[in-house]
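Let me begin by presenting the structure, written as structure tokens, before commenting on it.
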Amino acid sequence: MSTNGGMNYSKLNELKVKATKIVKQLTHLSATETVTQLRNLCEKLTISDQISILLSAEEVLQRLRRNAIHSAVVNFRRKLQTGL
1 MSTNGGMNYS
11 KLNELKVKAT
21 KIVKQLTHLS
31 ATETVTQLRN
41 LCEKLTISDQ
51 ISILLSAEEV
61 LQRLRRNAIH
71 SAVVNFRRKL
81 QTGL
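Sequential numbering of the sequence shown, starting at 1, is according to UniProt numbering.
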């Protein structure tokens, strides 16, 4: 089974996992390095498969961002409660 003329779902899911790992490395990579790695991962795929992979990567990025914001708020509250 394939995705609209693209690759099969198991291969697409494998690439989504790789994209997720690349995005999770954001703390270690510059934005340029991250984009380059994602571009290399997707370069020979159909547009539909590229979009699917990049949407998965963006979901992970949004989750990481929400977690970082939440952690910052929690830490700030703790500092306020302890009198800075």
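Beta carbons: idealized from backbone N, C-alpha and C, even for Gly.
Relative to Leu45, the option among Leu64, Leu15, Thr82 and Ile69 whose CA is nearest is Leu15. Rounded to whole angstroms, the separation of the alpha carbons of Leu29 and Arg66 is 19 Å. Setting aside the 5 residues that flank it on each side, Gln37 is surrounded in the same chain by Ile22, each with a C-beta closer than 6 Å to its C-beta; the list follows chain order. With a threshold of 16 other beta carbon atoms within 10 Å, Gln62 falls short and is exposed.
Between Thr34 and Val60, the CB-CB gap reaches or exceeds 8 Å. Between Ser52 and Leu12, the C-beta gap is smaller than 8 Å, which places the two residues in contact.
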